[in-house]
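Input: a single structure, listed below in structure tokens.
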């Protein structure tokens, strides 16, 4: 990997992300489209507008690069296959429900992979004027200041960000999450749920929370934030204990491997108990959508 090239990509994309964030601050009326029966169930005109702007500018500068965007994938109803080509993975508004409700827990997330490896991540919360960035092997930063996770190793002192909203319409998943929460609630210091995956990951990176877990997400939810956690000294693993897969991200991000191992041990016990109660129980996975190679 040419680090100079990656830094040049960062230098180019940052002004685009900042300009897009400022666009969100001008929004007054938000028209919401609910896509009944589609896995992408809520979208606004600004999701489409920002993604289109980012892709157009990046494609003009880097015509040989590939793109995986939330709205582009929704329109095709499939997710492009990740290739070795430089690939920008974009979530124009992560936390759309928060955005619609005027909650300032929403952001723009942009990640870049080369040879299928995460090399660049940008997460911008315009409402808080917080810009999280990372380039592989060069550290993570918040508004230019180097980030480190809390480094916490004891679960009883931890603040745990558990994204449970995906279980609202899924009975099996709800029972699984409730089992985990029942096991964790007297083991941790506190539990939070913010409704924004990219910010949840960044909050681990800067020490605001000590661990964050979410299952059944998509590449654009995790492409930037998981790199930022790692570059801040944190640990990211698949929720089931398998190797983390960016294209089907079920993950636990923690301030340290020691803390991650403690969460995983407790959740394995909870999952075993839930499995005994739920016939044909399965760990949450990304919905099986068709894939295609990026043209």
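Numbering (the numbering used here), first residue to last: 482 to 776.
Even glycine gets a Cβ: it sits at the ideal position worked out from N, Cα and C.
Through-space distance from residue 662 to residue 668, alpha-carbon basis
Counted from its first residue, the chain shown places residue 668 at position 187. Counted from its first residue, the chain shown places residue 662 at position 181. If I take the Cα positions, the gap works out to 10 Å.
By Cβ distance below 7 Å, which residues in the same chain neighbour residue 495 in space, the five residues on each side in sequence not counted?
Within the chain shown, the letter at position 14 stands for residue 495. Around residue 495: 603.
Between the CA atoms of residue 736 and residue 634 - distance to the nearest angstrom:
Counted from its first residue, the chain shown places residue 634 at position 153. Counted from its first residue, the chain shown places residue 736 at position 255. Roughly 8 Å between the two C-alpha positions.
So, do the segment 605-625 and the segment 721-732 have three or more beta carbon pairs nearer to each other than 8 Å?
no
What are the boundary residues of the beta strand (DSSP E) that includes residue 611?
Locating residue 611 in the chain shown gives position 130, counting from the first residue. Unbroken beta strand (DSSP E) run through residue 611: 611-616.
When you compare each of 578, 605, 639 and 631 to residue 625 by their alpha carbons, which one comes out closest?
In the chain shown, residue 625 corresponds to position 144, counting from 1. Nearest C-alpha to residue 625: 605.
So for residue 683, helix, strand or coil by DSSP?
In the chain shown, counting from the first residue as 1, residue 683 sits at position 202. Looking at residue 683 - three-state DSSP - the assignment turns out to be helix.
May I have the straight-line CA-CA distance separating residue 637 from residue 535, to the nearest angstrom?
For the purposes of this step, residue 637 is taken as the residue at position 156 of the chain shown. For the purposes of this step, residue 535 is taken as the residue at position 54 of the chain shown. The straight-line gap from Cα to Cα measures roughly 42 Å.
Name the two residues that bound the continuous alpha helix (DSSP H) containing residue 634.
Stepping through the chain shown from its first residue, residue 634 is reached at position 153. Here residue 634 belongs to no alpha helix (DSSP H), and DSSP marks it neither H nor E.
Do you know offhand how far residue 561's Cα is from residue 740's?
One-based indexing of the chain shown puts residue 561 at position 80. One-based indexing of the chain shown puts residue 740 at position 259. If I take the Cα positions, the gap works out to 34 Å.
Quick check on DSSP: helix, strand or coil for residue 587?
As a first step, residue 587 must be located in the chain shown, where it is residue number 106. Residue 587: coil per DSSP, three-state reduction.
Expressed to the nearest angstrom, what Euclidean distance is found between the alpha-carbon atoms of residue 519 and residue 592?
Counting from one through the chain shown, the residue named residue 519 turns up at place 38. Counting from one through the chain shown, the residue named residue 592 turns up at place 111. Low confidence applies to residue 519: its pLDDT is 46, below 50, so where it sits in the model is not reliable, and the reading given next is rough at best. Each residue's Cα considered, the two are about 24 Å apart.
With residue 581 as the anchor, note down where its alpha helix (DSSP H) starts and where it stops.
Along the chain shown, read from residue 1 onward, the residue named residue 581 stands at position 100. Start and end: 577-581.
Would residue 493 be called buried (16 or more neighbouring beta carbons within 10 Å of its own) or exposed?
Translated into the one-based positions of the chain shown, residue 493 becomes position 12. So residue 493 counts as exposed.
Is the CB-CB distance between residue 734 and residue 693 below 8 Å?
Here residue 734 refers to the residue found at position 253 of the chain shown. Here residue 693 refers to the residue found at position 212 of the chain shown. Contact flag set, yes.
Give the DSSP-derived three-state secondary structure of residue 727 in the structure shown.
Reading the chain shown from its first residue, position 246 is the one you call residue 727. In the structure shown, residue 727 sits in coil (DSSP, three-state: anything other than H, G, I, E or B).
Can you give me the C-alpha to C-alpha distance between residue 497 and residue 742, rounded to a whole angstrom?
As a working mapping, residue 497 is identified with position 16 in the chain shown. As a working mapping, residue 742 is identified with position 261 in the chain shown. C-alpha separation (whole angstroms): 38 Å.
Backbone CA spacing between residue 659 and residue 614 [nearest angstrom]:
Taking the chain shown and counting its residues from 1, the one referred to as residue 659 is at position 178. Taking the chain shown and counting its residues from 1, the one referred to as residue 614 is at position 133. Distance between the alpha carbons of residue 659 and residue 614: 34 Å.
Would you report the Cα separation of residue 570 and residue 587, rounded to the nearest angstrom?
To locate residue 570, count along the chain shown from 1; it is residue 89. To locate residue 587, count along the chain shown from 1; it is residue 106. Answer to the nearest angstrom: the Cα atoms are 17 Å apart.
In three-state terms, what does DSSP make of residue 762?
By 1-based counting over the chain shown, the position of residue 762 is 281. A caution first: residue 762 carries a pLDDT of 44, below 50, which makes its placement in the model too unreliable to give a value.
Inter-residue spacing [alpha-carbon to alpha-carbon] between residue 760 and residue 650:
Taking the first residue of the chain shown as position 1, residue 760 is located at position 279. Taking the first residue of the chain shown as position 1, residue 650 is located at position 169. Summary for residue 760: the model assigns pLDDT 47, below 50, so the residue's position carries little reliability; its value from the coordinates is reported in the next sentence. Distance between the alpha carbons of residue 760 and residue 650: 18 Å.
Grouping DSSP H, G and I as helix and E and B as strand, with all else coil, what is residue 651?
To locate residue 651, count along the chain shown from 1; it is residue 170. Of the three classes helix, strand and coil, the one that applies to residue 651 here is coil, per DSSP.
Using the rule of at least 16 other Cβ atoms within 10 Å of the residue's Cβ for burial, across every protein chain shown, is residue 627 buried or exposed?
Your numbering for residue 627 matches position 146 in the chain shown. So residue 627 counts as exposed.
C-alpha gap between residue 542 and residue 558, whole angstroms
Reading the chain shown from its first residue, position 61 is the one you call residue 542. Reading the chain shown from its first residue, position 77 is the one you call residue 558. Between residue 542 and residue 558, the C-alpha separation is close to 27 Å.
Cα separation between residue 703 and residue 679?
Here residue 703 is taken as the residue at index 222 of the chain shown, counted from 1. Here residue 679 is taken as the residue at index 198 of the chain shown, counted from 1. Looking at the two C-alpha atoms, the distance is approximately 6 Å.
When burial is assigned at 16 or more other CB atoms within 10 Å of the CB, is residue 746 buried or exposed?
Looking up residue 746 in the chain shown gives position 265. Flag for residue 746 reads exposed.
So residue 598 is in the beta strand (DSSP E); what residue range does that whole segment cover?
For the purposes of this step, residue 598 is taken as the residue at position 117 of the chain shown. From DSSP, the beta strand (DSSP E) with residue 598 extends over 598-606.
Residues in its own chain within less than 6 Å of residue 629 by CB, not counting five upstream and five downstream?
Looking up residue 629 in the chain shown gives position 148. Take residue 629, set aside five residues on each side of it, and the residues of its chain with a beta-carbon closer than 6 Å to its own are 713 and 714, in chain order.
Determine, using beta carbons only, whether residue 581 and residue 511 come nearer to each other than 8 Å.
Position 100 of the chain shown, counted from the start, is the residue given in the question as residue 581. Position 30 of the chain shown, counted from the start, is the residue given in the question as residue 511. In contact: residue 581 and residue 511 (Cβ atoms closer than 8 Å).
Take residue 551 and list the residues in its own chain whose beta-carbon comes closer than 6 Å to its own, dropping the five residues that flank it on each side.
Position 70 of the chain shown holds residue 551. Same-chain partners within the cutoff: 572 and 701.
Note the first and the last residue of the continuous beta strand (DSSP E) segment covering residue 622.
The residue labelled residue 622 in the question sits at position 141 within the chain shown. Start and end: 621-623.
For the putative contact between residue 731 and residue 697, defined by C-beta atoms under 8 Å, what is the C-beta separation to the nearest angstrom?
Here residue 731 is taken as the residue at index 250 of the chain shown, counted from 1. Here residue 697 is taken as the residue at index 216 of the chain shown, counted from 1. Confirmed, Cβ separation roughly 7 Å.
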